[in-house]
Each structure stands twice: as structure tokens, then as C-alpha cells.
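A.B. asks:
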Amino acid sequence: MTDIPTTAEGSLNEFPKSAPADRATAGPLDEGEAGAIKPSVDLGSLRIEPKRGMQLRLEVDKTNSRVVAVTLEYLGSTLQLQPFAAPRTSGLWHSIRAQIMDQIVKQGGKATEHEGVFGPEVIASVPVQAQGAFSTRGVRFVGIDGPRWFLRGVIGGLAV
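Structural data, given as C-alpha cells:
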């Protein structure tokens, strides 16, 4: 797992945990909640249930060869997952969501908060440069606070 992102002061305010009401049964599940899990790809802090046609790519920090994220590609969409260690009693998604929105706006993009399947989400239009041309790309950020972990997802493509 990756360390918890923090504010400039190095700490996070305490907020309630943010997760879908059925997280403990529908997922994402903590290892202790999963029980007998279906066949999965075990990535240490993440287990991914494979689907036919799904591509899986590991994102590695080249400075220390550590896996920092997993990107899944399926049916014209991508989902980048990053797990973080987190406090047991307070949630991270509220303050991280605000940081994400602030950063996108500072980079010239647009970001709004919406209520989605996983709770509060950030829907954003982020500036990108491809082949010398500038444009924007739609992205959706989701966050789920677990028992002692936080899972951030960045969704691109058709699922945005």
C-alpha cells in the first residue's frame, strides 16, 4: 500500500468514512471480509477478479521499482486503482477529494462533485497535450474508505 496523501501541513482533518452503503457485502472488501473469494489476481494489497477481455497493467515507480497503481482496461474504459493505508476511525476521501478538485482547477481544468454509485465523486475535465495539440479529457475520481485502507479510483473512457 502507498502512504496516505496529506495536506501541506502534513496532517489530515478527521472526516467520516465515505463508502457505498453495501461496501461490506458488494465491495471493495477488506481481506477479513472477503472470505472464500472467487479466483483472483493477487497483487498484494489488491486482489482483482479477472473478466474475459479485461487488460491489467501495473504502474511502477521507476525510482524504487514499487507498484503504485493498477490500471484495468475493459470495454472502452479504464480504471486506475491505488490503495493507501488509512486510519481506522476517520475517512480520507473528503479531504482528498477537495485536494483533487483544487489541483485540477489550478492546472486549468474543471471539476465538480456529484453523488455516484460509490458515494461522492469528482467529475473532471482535465487539460491534456497529445501530438502538440491541447485538449481536455473527461475523468471521474472515486474514493472508498475501508476499515484501515483507502482506495482511489480514476476512471477514463466510456465509463466517465
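When we follow the numbering used here, the leftmost residue of the sequence shown carries the number 3, and every step to the right adds one. Note that the Cβ used here is the ideal one computed from N, Cα and C, for glycine as well. The structure presented is a predicted model; accordingly, all values stated were derived computationally and were not measured.
Output the boundary residues of the alpha helix (DSSP H) element that contains residue 108.
C.D. replies: Element bounds for residue 108: 95-108.
A.B. asks: Assuming residue 160 and residue 77 make a contact with CB atoms under 8 Å, what is their CB distance in whole Å?
C.D. replies: About 7 Å separates the two Cβ atoms, so the contact holds.
A.B. asks: Quick check on residue 82: does DSSP put it in helix, strand or coil?
C.D. replies: Residue 82: strand per DSSP, three-state reduction.
A.B. asks: Counting Cβ pairs, one atom from each stretch, are 3 or more of them under 8 Å apart for the segment 138-156 and the segment 92-102?
C.D. replies: Touching, yes, given that three or more Cβ pairs across the two stretches are closer than 8 Å.
A.B. asks: Would you identify the three-state DSSP class for residue 45, choosing helix, strand or coil?
C.D. replies: Looking at residue 45 - three-state DSSP - the assignment turns out to be coil, as it is neither helix nor strand.
A.B. asks: Would you call the CB atoms of residue 50 and residue 58 closer than 8 Å?
C.D. replies: Cβ distance < 8 Å, so residue 50 and residue 58 count as in contact.
A.B. asks: Any beta carbon of chain C sitting closer than 8 Å to that of residue 78?
C.D. replies: No chain C appears in this structure, which consists of one protein chain only.
A.B. asks: Out of 106, 133, 116, 135, state which residue places its alpha-carbon closest to the alpha-carbon of residue 127.
C.D. replies: Among 106, 133, 116, 135, the Cα nearest to that of residue 127 belongs to 106.
A.B. asks: Could you name the residues that DSSP lists as bridge partners for residue 112?
C.D. replies: Paired residues: 127.
A.B. asks: Please list the terminal residues of the continuous beta strand (DSSP E) segment that includes residue 154.
C.D. replies: Note, residue 154: beta strand (DSSP E), 151-159.
A.B. asks: Taking just the CA atoms, how far does residue 162 sit from residue 119?
C.D. replies: Roughly 12 Å separates the two Cα atoms.
A.B. asks: Going by beta-carbon coordinates alone, are residue 114 and residue 102 separated by less than 8 Å?
C.D. replies: Contact flag unset, no.
A.B. asks: Please name the residue, chosen from 62, 75, 46, 64, that lies closest to residue 54 on a Cα-to-Cα basis.
C.D. replies: Checked all of 62, 75, 46, 64; the closest Cα to residue 54 is 75.
A.B. asks: Give every residue of the same chain whose Cβ lies closer than 6 Å to the Cβ of residue 62, excluding the five residues on either side of it in the sequence, and list them in chain order.
C.D. replies: These residues qualify, in order along the chain: 69.
A.B. asks: Tell me which residues share the same chain as residue 71 and place their Cβ nearer than 6 Å to its Cβ, disregarding the 5 neighbours each side in the sequence.
C.D. replies: Closer than 6 Å at the Cβ level, and outside the excluded window around residue 71, lie 61, 82, 84.
A.B. asks: Quick check on residue 146: does DSSP put it in helix, strand or coil?
C.D. replies: Residue 146 falls in the strand class under three-state DSSP.
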